[in-house]
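Residue numbers (my numbering): -15 to 406. Cβ coordinates follow ideal geometry from the N, Cα and C atoms, glycine included. Model, not experiment: these values are computed from the prediction. Below is one structure, written out as structure tokens; comments come after it.
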Ligand code: ATP
Ligand code: MG
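See below:
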């Protein structure tokens, strides 16, 4: 039997990794531009963490988590999201008490879902979180970070949807009214909705089943149950977005399905990815740190799906900084071998940004030039015994940028620097 990758878990080949490197480089630059520091966390956590953070009755924990016992009998899970681990680490290292923290995190997350375009079992997130700031200005900041990322990546066409979930107290009153209403229409609901009616009724509002959606239309609206402070918080978030010129629509049906969310929730969506249209989602979670055993500390953040972002970059033909070779050095004859070797190394010493492949494994001129062409390089440099003796090298454009010419080796660094902008 041929061993293949696990279903829903993908390899990224060198030809496709430029987009990943580009996203990571731009994201790291954007997060630093707002003063966020990177946190690196284990991929595995205790299962209890996700039960408590994400919630035992959520799809993620009920059906999608990779959970197992390790050899010591510990119940552990591959992380299905990043926020829980960020909060766990923040509490453990005492960096959430009585202070502000701005952090970000990235890496693989795992969910046992039905794989399809934009939905995988191992995928990757970028996560941004701000702790210890309970004012709406930081909600605006978190949303603006995503907008800045779209701008620097050269992406367009996102729709920002926002909503507010208010405080747990107003949600409880709304929840009772919602359960009451849904019970009156129980017969018309789908099975999932009927099951969630008591466990997680807000999630019913999010249903994609048409019959249930029709019932949801007439359901009590949380907006009508919000207290003044919640409304003021939401108004301030909207005013901040207005000031920045970030367009949004208020979607009263937007809920994040997790108990820990309070006040602001938002999603950045696109209609260019079919059904998997949410690229980035987040909100405020003022109860989570305490829920996980830490001091009462507010939080707000987002999770962004990198695969979906990269799919969308492809759809929009977003230019990506290439990481492929620029120069390929062909070498022939015993005399050229070490001259080419030391030349290649000294060019790399001179230009840290230069990407240069030195031919290895021998081969005639034709086959070396073919490798040079296949490498994607812009220029082939040809060094044989004649050039060694003459102190020269041939420079050959592989992409139709003029005829081949002979260059003094002492001039080569300056020539490449000018042509490649090194
Ligand atoms: P969806 O409604 O698409 O299942 P979600 O609400 O479960 O998304 P979150 O938990 O908010 O997603 O995760 C944040 C982001 O991670 C999503 O907006 C999406 O871009 C991405 N994402 C979620 N699940 C997957 C997956 N199975 N494969 C690839 N990306 C995913
Ligand atoms: Mg999901």
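Residue i: first and last residue of the uninterrupted beta strand (DSSP E) it sits in
{"i": "residue 381", "result": "376 to 381"}
{"i": "residue 58", "result": "No beta strand (DSSP E) holds residue 58; DSSP gives it neither H nor E."}
{"i": "residue 289", "result": "283 to 289"}
{"i": "residue 315", "result": "311 to 315"}
{"i": "residue 196", "result": "Premise fails: residue 196 lies in the alpha helix (DSSP H), 194 to 201, not in any beta strand (DSSP E)."}
Cβ pair residue i, residue j closer than 8 angstroms
{"i": "residue 129", "j": "residue 312", "result": "no"}
{"i": "residue 87", "j": "residue 21", "result": "yes"}
{"i": "residue 314", "j": "residue 288", "result": "no"}
{"i": "residue 317", "j": "residue 369", "result": "yes"}
{"i": "residue 365", "j": "residue 320", "result": "no"}
{"i": "residue 37", "j": "residue 272", "result": "yes"}
{"i": "residue 203", "j": "residue 245", "result": "no"}
{"i": "residue 232", "j": "residue 125", "result": "no"}
{"i": "residue 50", "j": "residue 66", "result": "no"}
{"i": "residue 276", "j": "residue 60", "result": "no"}
{"i": "residue 248", "j": "residue 115", "result": "no"}
{"i": "residue 96", "j": "residue 158", "result": "no"}
{"i": "residue 285", "j": "residue 54", "result": "no"}
{"i": "residue 72", "j": "residue 32", "result": "no"}
{"i": "residue 327", "j": "residue 393", "result": "yes"}
{"i": "residue 342", "j": "residue 353", "result": "no"}
{"i": "residue 260", "j": "residue 240", "result": "no"}
{"i": "residue 362", "j": "residue 381", "result": "yes"}
{"i": "residue 304", "j": "residue 9", "result": "no"}
{"i": "residue 215", "j": "residue 147", "result": "no"}
{"i": "residue 400", "j": "residue 377", "result": "no"}
{"i": "residue -8", "j": "residue 92", "result": "no"}
Residues that DSSP places opposite residue i in a beta bridge
{"i": "residue 108", "result": "92"}
{"i": "residue 154", "result": "Paired residues: none, contrary to the question."}
{"i": "residue 305", "result": "DSSP output for residue 305 lists no bridge partner at all."}
{"i": "residue 337", "result": "Answer is none; residue 337 lacks a bridge partner."}
{"i": "residue 103", "result": "100"}
{"i": "residue 268", "result": "246 and 284"}
{"i": "residue 409", "result": "Limits of the chain in this structure are -15 at one end and 406 at the other, which puts residue 409 out of reach."}
{"i": "residue 366", "result": "314 and 378"}
{"i": "residue 22", "result": "88"}
{"i": "residue 262", "result": "253"}
{"i": "residue 409", "result": "Because the chain in this structure spans residues -15 to 406, residue 409 falls outside the shown range and cannot be described."}
{"i": "residue 342", "result": "313"}
Simplified DSSP assignment, three categories, for residue i
{"i": "residue 8", "result": "helix"}
{"i": "residue 245", "result": "coil"}
{"i": "residue -9", "result": "coil"}
{"i": "residue 114", "result": "strand"}
{"i": "residue 145", "result": "strand"}
{"i": "residue 361", "result": "coil"}
{"i": "residue 28", "result": "strand"}
{"i": "residue 125", "result": "helix"}
{"i": "residue 250", "result": "strand"}
{"i": "residue 45", "result": "helix"}
{"i": "residue 331", "result": "helix"}
{"i": "residue 119", "result": "coil"}
{"i": "residue 87", "result": "strand"}
{"i": "residue 276", "result": "coil"}
{"i": "residue 351", "result": "helix"}
{"i": "residue 1", "result": "helix"}
{"i": "residue 190", "result": "coil"}
{"i": "residue 13", "result": "helix"}
{"i": "residue 298", "result": "helix"}
{"i": "residue 80", "result": "coil"}
{"i": "residue 322", "result": "helix"}
{"i": "residue 395", "result": "helix"}
{"i": "residue 240", "result": "coil"}
{"i": "residue 406", "result": "coil"}
Residue span of the alpha helix (DSSP H) that contains residue i, given as start and end
{"i": "residue 34", "result": "31 to 37"}
{"i": "residue 389", "result": "First-last for residue 389: 389 to 392, but that is the beta strand (DSSP E), not the alpha helix (DSSP H)."}
{"i": "residue 67", "result": "67 to 76"}
{"i": "residue 221", "result": "212 to 228"}
{"i": "residue 175", "result": "175 to 183"}
Check: residue i C-beta below 7 angstroms from any heavy atom of the ligand PLP
{"i": "residue 57", "result": "Only the ligand ATP and the ligand MG can be found as ligands here, which leaves the ligand PLP out of the picture."}
inquiry  = Can you tell me which residues fall inside 7 angstroms of the ligand MG, judged by beta-carbon distance to its nearest heavy atom, and keep chain order?
reply    = 43, 44, 95 and 97
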